[in-house]
Each structure stands twice: as C-alpha cells, then as structure tokens.
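Below: one structure, written as structure tokens.
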Ligand code: C2E
Ligand code: MG
Ligand code: MG
Ligand code: MG
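Below, the structure written as structure tokens:
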C-alpha cells in the first residue's frame, strides 16, 4: 500500500514537473516572437502624494498577450526573459515606449509627471545599457529628471560594476529608485554608496500592516532609514484608505496600490488620472 501510494505521488510529481517545464519552454519560445508580433503593452499605475492626494508619477508595467498562451503575468515571464537574455530587447522597447508616452501626455497639455520604468539587473549589466538610456532620452527630448529607473536590491550582488553605471545614469539626470526594498539582500551598506533618490517599500510589508505589528515595524523602520539618508519613500501595495492615512502619519511620502487604481492601459489611465487635470 505504502509503495503504491509512493509510486502514485511520484507520477503526480513528474506530471506536474513536465507541465511546468513545457509551459516554461512555451513562454521562452513565444517570448522570442512577442516583440515582432507586437504583443506587449505598457499599463500605468498612479503614484500618489499621501499629503495632497495628488498624482505625482506613474509606474509603467509590462503586459503580454500572446496569441497562443493568452495573457501571461510579468511574474511568470520576466524571469524567463532574464534567464534567456530576451529582457535586453524587451527592456529597450519598454524604455522607448514609456518615454514616448510621457512626452505624448506632456504635449497634450497635462502637467509634467514622472514615469517609472522597471529595470532588471540583467539590463543594467548589459554594456550598452547606459548608452541606450542616453540615446532614448536625447532622441526623445524628454526631461531626464522625469524618467525614474526602478532597480532592485539584487544589484548589490554585483556591487562594483553597478555603482559606476548608476553614477553614469545619475549624470544623465534620471531619477533612481530602489524597488521592492526589504526583500532582497540584507546588506544596507550599499544604500549610501548608490546615488539613489527614493526607496519603494515592498508591497508584502504594506499589505501585511493591518494584521501584523511586525510588518508595521518594518514599514516604520524603512521610512526612518529613508529619512536618515534623505531619500523619498514610496509605499507599494496600498489597498485601503486606512493604510494610506496611516502611512501618511508615519511620514511616508507617496503611495501606490489598488486603493487608488489598478494598473491601466494608457487610454484608460489618461481618462481616469490625467483628463480631469487639464
Ligand atoms: P514591481 O515593479 O514591484 O511592480 C508592482 C507590482 O505590484 C505590479 O505587479 C502591480 O500590478 C502590483 N500592485 C500594485 N498595487 C498593488 C496592490 O495594491 N496590491 C497588490 N497585491 N499588488 C499591487 P505586475 O504588474 O504584475 O508586475 C510584477 C513585477 O514584474 C514588477 O514588480 C516588476 O518587478 C516586474 N515588471 C513589470 N513590468 C516590467 C518591465 O517593464 N520591465 C522589467 N524589467 N520588469 C517589469
Ligand atoms: Mg517597480
Ligand atoms: Mg515593487
Ligand atoms: Mg517586483
């Protein structure tokens, strides 16, 4: 009986593994044609000043609708894109599109807003990355300070080479933000070495705040670190009004989350977040 059960479990496990392997293979295969097939779209989520409740920026978030796989979430495809290096051309597309959209809205007469762009460590390690950013900024004429590059703590693994690149990016005038702060490598020593402008508190801490004193303590501590280092601090994952006002009381500058808005396609974002502002 035991043997049989063990055997069944084993079969179940391999079937599951096979399914995952096949899915990942399909994602990899389809990612290779996704750019040419024009399957990517950028969605936008507002970043709100917790004091004034006004929008100050938007984060661009990549969406992929594949002809065979349908909608695939970034949590599933970004890691595959990173492993295969396909993130390099995809990231280049994101950079151009996000900058272009920033300018379109500016030219339409809306107030200047910053656009946040997620950058994988794999992109930052690409020798062409800084030049690509420089070209994208110069050829578009965008105000560099309105472009925010969001990087993650994993760059700390490559300390020396990345510091120089961040310095070069900073020289171009872009704004640098540390995304998902608190979830990655625990060494804080890089924080004052990197030319950062802001920290984003990872959504897992913010979402957990209500039920859990430890999460609240972590959020408070990150806000205190940011203040000490004179960095702006943004809370991700703000899902309710209570969290928003509590974060404001704690001294957090900005909030982003479903309470304000889900990420939206550009046209809906414009209608909902920009049009009233004209
Ligand atoms: P991220 O940069 O930390 O982006 C925030 C994620 O949290 C987004 O997930 C957003 O939809 C989600 N979110 C926002 N507010 C809430 C909330 O109130 N509650 C909850 N539960 N979630 C919220 P999304 O769009 O699925 O993206 C996931 C991750 O994929 C991003 O995390 C980022 O690391 C990566 N990513 C997305 N777009 C790009 C891109 O263009 N380039 C690169 N390299 N990575 C990207
Ligand atoms: Mg981000
Ligand atoms: Mg994040
Ligand atoms: Mg993330």
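Numbering (the UniProt record's numbering), first residue to last: 521 to 798. For each residue, glycine too, the CB sits at the ideal point set by N, CA and C.
### Task
Out of 637, 740, 661, point me to the one whose CA is closest to residue 668's CA.
Residue 637 is the option with its Cα nearest to residue 668.
### Message
Given a cut-off of 7 Å on the beta-carbon distance, is the pair residue 755 and residue 771 in contact?
### Response
Going by C-beta atoms, residue 755 is not nearer than 7 Å to residue 771.
### Other residues of its chain near residue 611: CB distance less than 6 Å, five sequence neighbours each side excluded
Around residue 611, the same chain offers 643 as residues with beta carbons nearer than 6 Å, after the five sequence neighbours per side are excluded.
### Task
Answer yes or no: do residue 786 and residue 621 have a C-beta to C-beta separation smaller than 7 Å?
Yes.
### Task
Compare the Cα-Cα distances from residue 691 to each of 681, 665, 671 and report the closest residue.
Ranking 681, 665, 671 by CA distance to the CA of residue 691 puts 665 first.
### Query
What's the C-alpha gap between residue 783 and residue 567?
Their backbone Cα atoms lie some 11 Å apart in a straight line.
### Message
What does the alpha-carbon distance come out to for the pair residue 698 and residue 545?
### Response
Across the structure, residue 698 and residue 545 are spaced so that their CA atoms are roughly 31 Å apart.
### Query
Cα separation between residue 550 and residue 768?
Cα to Cα, residue 550 sits roughly 43 Å from residue 768.
### Task
Count the other C-beta atoms from every protein chain shown that fall within 10 angstroms of the C-beta of residue 729, then say buried if there are 16 or more, exposed otherwise.
Classification of residue 729: buried, given that the 10 Å Cβ count is 16 or more.
### Beta-carbon contacts of residue 671 that lie in its chain and below 6 Å, excluding the five residues immediately before and after
Setting aside the 5 residues that flank it on each side, residue 671 is surrounded in the same chain by 639, each with a C-beta closer than 6 Å to its C-beta; the list follows chain order.
### Query
With residue 757 and residue 727 assumed to form a contact (beta carbons below 8 Å), what rounded beta-carbon distance in angstroms separates them?
Cβ-Cβ separation between residue 757 and residue 727: approximately 5 Å, consistent with a contact (criterion under 8 Å).
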